[in-house]
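For the record, the sequence lines run as chains A and B. Going by this note's numbering, the first residue of the first sequence is number 218, and it counts up by one from there. Going by this note's numbering, the first residue of the second sequence is number -15, and it counts up by one from there.
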Amino acid sequence: MDKSLRAWLLLALLSSLLLPWHQQEAGLWAGEWLAAGWPGDRASAAAAWQVLGLGRLELLPLLLLPVVAALLGLARLPRPALGAILMALAAAALAWLGWLSWGLAPADQPGLGWGALLFSVCALFMLSTGAAWRGACRGDVFVCGVIALLLALVGLFVMFPVLRVLAGAFEQDGAFSLAALWSRSTDARIWSMACVAGGQRCGVAWNTLFLGVATAAGATLLGLAFALVVTRTGFRFKKVLRALTVLPIITPPFVIGLALILLFGRSGVVTAWISAWFDVAPGRGLYGFYGVWLAQLLSFTPIAFMVLIGVVEGVSPSVEEASQTLGGSRWTTFWRISLPLMRPGLANAFLVAFIESMADFGNPMVLGGNYGVLSTEIYFAIVGAQNDAGRAAGLGLILLSFAVAAFIAQRRWVGKKSYATVTGKADNGQHAGLDKRMSIALALLVSLWTAFTLVLYGMILAGGFVHQWGRDNSFTLRHYSDAFGISFGEQGLRWVGTAWDSLFTTLAIAGISAPLTAALGLLAAWLLVRQRFAGKAAFEFATMLSFAIPGTVIGISYILAFNAAPIELTGTGAILVLCFVFRNMPVGLRGGVAAMSQLDGSLDEASTMLGANSFTTARRVVLPLMRPALTSALVYSFVRSITSISAVIFLVSAKYNMATAYIVGLVENGQYGIAIAYASALIVVMLLCVLVAQKLVGQRRLRRVERVQGAAPQATATPSEFVLKKVQS
Amino acid sequence: MKADNSSAMTAGLASGALVFDQVSKQYGSVTAVDNVSFSIPKGDLVTLLGPSGCGKTSTLRLIAGLEHVSRGRILIGGQDVTRQSAIERNVSMVFQSYALFPHMTVQENVAYGLEVGGARKTEAKERAIEGLRLVGLADFGPRLPSELSGGQQQRVAVARALVLEPQVLLLDEPLSNLDTKLRRRVRDEIREIQQRLRLTAVYVTHDQEEALAVSDQIIVMNKQKVAQQGSPRDLFETPADEFVADFICDANLVAGELQGEACEIGGIRLQLPNPRNYRGAVRVAVRPDAMRLRPAAANDPLVGAVLHAAFLGTEMQYTLASPLGELFVRQAEVRRPLAVGSSVAIEFADHGLCVVGGQA
């Protein structure tokens, strides 16, 4: 019998004979199920016993799959025929399982456990093997398997939750109702225009849109100012500006909001100063639209800057030089030549900032006050007294439509390559410097903004050491000891601080998700860049969809989808891991696509010509050359997991609490001191991670150069320089 | 033309190392290879020659198994390999960009195919070193590809392909990335190795000088079809059609009139090879070296005027205006060149002309 088929059959047999079919309360690894009643007990029995011993005949068709497949495998049929039968059997088994779980859905059905999971995995791979034997993917079993796996994962953990939200918006008391959707979507709280007329609040949808546009416009302008200063002037502190771009990556989103409270809040430094000088009562002016807008500008300008710097550098210098030789002044050259050429990039930055603003949960949460936006409304709809899943779903649908519309607009109008960063390589000309007055104005603006940002971060770092901000500014380590205290008692080391629990959980969950994210992302990138298969465009769209969905929507979609059988994951660590993996997969995917696109396709072909199948080629040729991309993917997904809040806030539980959720809880309770101490600690840890990662990736380059004995070291060594590009003859 | 190819194929089926039997390849609505048939005897180096877009690289990739045919069959060593993938075929390829694995040393590169095929590490290593010795790079094993020159990288690529002892060796424009000076030497080295090992090889190029120099046979391709297959001499002396005449020998195409056994061109009657037996008004390929020029005298039947003259060291190149149209002429006489604007008499040599088109 074929080797791969034998392996899957053995695994299927193992899972149906030994592993519990249903989900175990304490988890598989706790081992309680072994003692409790296995193999006879219904709750923990394996599939085979469920059918044979407990009479659950509905599981019988599933067991037919490995049995019949084994018999056929031994019968030595020709591969195409065997493949067809295998496909039919596996598809039937999976369909039957799906029907049992979702279609019939008996009321008290316990969730599916490891036995069912492993069985489904085997069935899936038998399906893909059968398809490969029938000729799919040019008969390549490995590629077929990878495609099947990724399709199943993306389908189950990205598309299914989204569809569940869609369905949830229709739900009213357990049944589907179009009227329910209508009333939810057109609720006055969402769409009211009362604020335009005067006085009252507007609907949250309008608030969200307005905030999004305002943030996008501001961030784009500021980002453009930064980009211009860095590339077109003689500003002396360019390195500082570039270093700013790392800040949004290592900062949990609400930290800026916290810092603003420290400055402008009721007990804020500036508020106190103004109130003292101008004899005005300290107000709550910060809370509301202007506060959130300011916080978002500070958070997202670096992102716009990153997008725009590539665009600004990409304007060919020779075009600007031509304008100058034709008599155009610097201002004319900029206004009539350079700026129009940057338009697509400006649109791109605008849309990116818009999407980020829509997805932002932390800042509106902390500073929003009465200014509600969709992400916070969704949160309040689920958490607390309301607990209206239908309403949350309806709001989530609206937010999702906005985000996806903006995302599609970005793809269509601005760039086909959402994943590859377009870094313009300047040809040998020099960029036209900016008009003198403009240079000075921009440099001033940029310096003020940078100073402001640095002051905020300084506040954050300082805030942890202040007893009670605004009231008692004495230096204290109390907050840090409260959060991170350690005591050496009789039982040895004890983690006394309140923050340790969530910190360990966060590090553990992020540590588990990061390798999974990187692996999935790179696999998907390999599929997209190197393989051709039917439905590739749809697959690409689905993976990118997970990038467009705001974290809040992911959070509620996971709650709606995985709160009940057959897949019950809420309250577990697994749901957090899955959320991170699929939310961050685009990070690994994007890096993988960019790196793989730089690899010459003829390397793969050469390996194929030398007799290696695609698995060997991927393992021995592609993967070693992807190490820098792999390292980046690992680190950035790790960091992103730690700083994420908008999805996590829905998925935490008593047992699995995450650092960011814990901090937001502290803020809500008014415990600013310890919240800030914890946040600063997180930022420092993140910064260290990023620096170590950059060192690691950089070190690989150095090693390569050192091996060239005697030859002059190369200026920059990237993977692309070790690949000989095809020369156009 | 079709008759020739099928008889070649039938003969080839018995003894041919590589046979294409009415192979076509389509990408959607675009045809890359159009009903191509040929047969390559064992141990021959055959060149696929043609301009960009003629289908030669597509044909090579079909032989390699990197693409699958839309129609037709491919036989290697008498076996039908049409449905086999590249991994399964006993065919090796030297890529245009060499495609050496940058993260492996030279020796690891050459040993890769052997290891993947199941050889033990020590055996693979020994055979790899043997392969490197064959191309003259025995001491270069521990180096990285980035530390080698272009010519050395190319030789590593050749060694990597050779150690697998393939039935057919494919070379995709192997000299295009090398300096002109280096090309002749490397070209001769490749030919020498191929002849020594008696390998069947298929070579793709767009350079007709290269093709003429290394091949046992040349297959000229045009617009996804085979234009002519034959030895270099055959193609050069008797091109089958206008395209081949123009591509291989840079020939001038002039009008002629067949009267009986002789052909009349510009008032001059000549005996010309007419392999396809055209009749009546014909097109004749006149090679640039098949004309003699001297200053015009009173009774010369064919007279032209010199438009351009260029000195190329070993020869003069002239463009003439004549009753036959614009003519491109090469003359070995460099010490007494003809002046621009002067009138010259044109005489035809007894070789270098061929009837290439007309009514059948």
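Backbone N, C-alpha and C define an ideal beta-carbon position, used for all residues, glycine too.
Per DSSP, the bridge partner or partners of residue i
i         : result
Ile202(B) : Thr31(B) and Gly214(B)
Leu242(B) : Cys247(B)
Gly342(B) : Val266(B)
Ile252(B) : Ile249(B)
Neighbour flag for residue i against chain B, beta carbons, 8 Å
i         : result
Gly362(A) : no
Arg355(A) : yes
Thr825(A) : yes
Asn580(A) : no
Arg920(A) : Any reading at Arg920(A) needs caution, since the residue's pLDDT is 33, under 50, leaving its predicted position unreliable; the model's value is listed next. It does not; no Cβ of chain B falls within 8 Å.
Leu299(A) : no
Pro534(A) : no
Asn874(A) : no
Val639(A) : At Val639(A), the pLDDT of 33 sits below 50, so the modelled position is not reliable; the number obtained from the coordinates is stated separately. So no, Val639(A) is outside the interface.
Val746(A) : no
Val839(A) : no
Proximal chain B residues relative to residue i, where beta-carbon distance stays under 9 Å
i         : result
Thr833(A) : Val100
Glu822(A) : Arg45, Ala48, Leu50, Ala70, Met77, Phe79 and Ala83
Leu842(A) : Phe85, Pro86 and His87
Contacts that residue i makes with chain B (C-beta to C-beta distance below 8 Å)
i         : result
Asp817(A) : Ser81 and Ala83
Residue-level contact to chain A via CB, residue i, 8 Å cutoff
i         : result
Ala1(B)   : no
Pro86(B)  : yes
Ser69(B)  : yes
Met77(B)  : yes
Leu155(B) : no
Leu148(B) : yes
Arg57(B)  : no
Leu337(B) : no
Residue i - containing alpha helix (DSSP H), residue span
i         : result
His696(A) : Arg695 to Phe701
Pro257(B) : Note, Pro257(B): premise wrong, no alpha helix (DSSP H); not H, not E.
Pro278(A) : Leu277 to Ala292
Asn580(A) : Gly579 to Leu584
Arg144(B) : Gly134 to Leu146
Val600(A) : Premise fails: Val600(A) is in no alpha helix (DSSP H) and is neither H nor E.
9 Å Cβ cut-off: residues of chain A touching residue i
i         : result
Gly39(B)  : Per Cβ cutoff of 9 Å: no residues; Gly39(B) is ~16 Å from chain A at best.
Met300(B) : Result: empty, since nearest Cβ-Cβ is about 30 Å, beyond 9 Å.
Leu237(B) : Going along chain A, no residue has its Cβ under 9 Å from Leu237(B), so there is no contact; the nearest lies around 27 Å.
Per-residue contacts from residue i into chain A (C-beta, under 7 Å)
i         : result
Tyr96(B)  : Leu827
Leu121(B) : The premise fails here: Leu121(B) is roughly 17 Å from chain A at the closest Cβ pair, so nothing lies under 7 Å.
Bounding residues of the beta strand (DSSP E) (the contiguous stretch that carries residue i)
i         : result
Ile60(B)  : Arg55 to Ile60
Leu277(B) : Met275 to Pro279
Gln709(A) : For the record, residue 709(A) in the displayed sequence is Gly; it is not Gln. Residues Gly709 to Trp712.
Pro223(B) : It is not in any beta strand (DSSP E) - Pro223(B) carries neither H nor E in the DSSP assignment.
Glu99(B)  : That residue, Glu99(B), is in no beta strand (DSSP E); its alpha helix (DSSP H) goes Val90 to Val100.
Val188(B) : Thr184 to Thr189
Beta carbon of residue i nearer than 8 Å to that of residue j
i         : j         : result
Gly714(A) : Gly702(A) : yes
Val379(A) : Ser774(A) : yes
Ile203(B) : Gln213(B) : yes
Leu32(B)  : Val186(B) : yes
Ile766(A) : Val472(A) : no
Val94(B)  : Val53(B)  : no
Arg55(B)  : Val20(B)  : no
Leu881(A) : Ile862(A) : As written in the sequence, residue 881(A) is Val, which differs from the Leu given in the question. Yes, the Cβ-Cβ distance between Val881(A) and Ile862(A) is below 8 Å.
Met343(A) : Leu398(A) : no
Leu226(A) : Ala287(A) : yes
Val746(A) : Met813(A) : yes
Amino acids of chain B, ordered along the chain, whose beta-carbon sits closer than 7 Å to that of residue i
i         : result
Asn830(A) : Ile71
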